[in-house]
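See below for the structure under consideration.
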């Protein structure tokens, strides 16, 4: 691939023009990492880790690893269609209004300490006076693709044809119950730890009628596909 032959600085500059979610996939291909994680092969299962849906807790319990990539279903389908068809595929989704507050809070507090990108985003978000200011003056269909934490959840769980690819979609709001369903399917008897959680007031407190309506419009596909409403 010609891109791999470019000096690193030039390659990184070109990749910076691509939405972050897609850039991650290209970087994995360039590094020879376009493959299924071994932990997925061991379980004959495919977990689609949507950001800010308690994914770290699940992979620690179910796969005994600290983390897996935030790769979508289409990525795995293109790598190996046969395995994709055979494996049990599942994901956890979250109320879009709540997930947005979680992502905003996470980045405002600095994100992952080892990530320079998270640090830069956190500094940028401090330019906004409030969550309301952020939603009303930054949240657009174009901008949410600049950072994977804001990518619509529907784009993670659909295949390359646009159809639902998951065998099971659990909910963050009933995580313990749905975790038990997943464990039964995988034949596991494990407990769910609580990792990477934050303490804050209810997400509803962050919204006004205006910001609530903006999120409803921006994430309309998620709300429709997963049947969410604001006060769930």
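In our numbering, the protein residues as written are 1399 to 1630. Positions of the beta carbon are idealized from the N, C-alpha and C atoms, including for glycine.
- At a Cβ-Cβ threshold of 8 Å, residue 1568 and residue 1488 count as neighbours.
- Beta-bridge partners assigned by DSSP to residue 1569: 1491.
- Annotation for residue 1562: 1555, 1556 place their beta carbon closer than 7 Å to its own, counting only its chain and skipping 5 residues before and after.
- A direct Cα-Cα distance of roughly 8 Å separates residue 1437 from residue 1463.
- In this structure, DSSP gives residue 1448 a state outside helix and strand, which the three-state scheme calls coil.
- In this structure, residue 1471 sits away from residue 1448, with a CB-CB distance that is not shorter than 8 Å.
- When C-alpha distances from residue 1601 are compared across 1523, 1571, 1514, the shortest belongs to 1571.
- Straight-line measurement puts the Cα of residue 1625 at about 20 Å from the Cα of residue 1579.
- For the pair of segments examined, the region 1602-1620 was found to touch the region 1522-1534: the number of CB pairs separated by less than 8 Å reaches three.
- The Cβ atoms of residue 1505 and residue 1519 sit closer than 8 Å to each other.
- For residue 1497 and residue 1440, the gap between their C-alpha atoms comes out near 30 Å.
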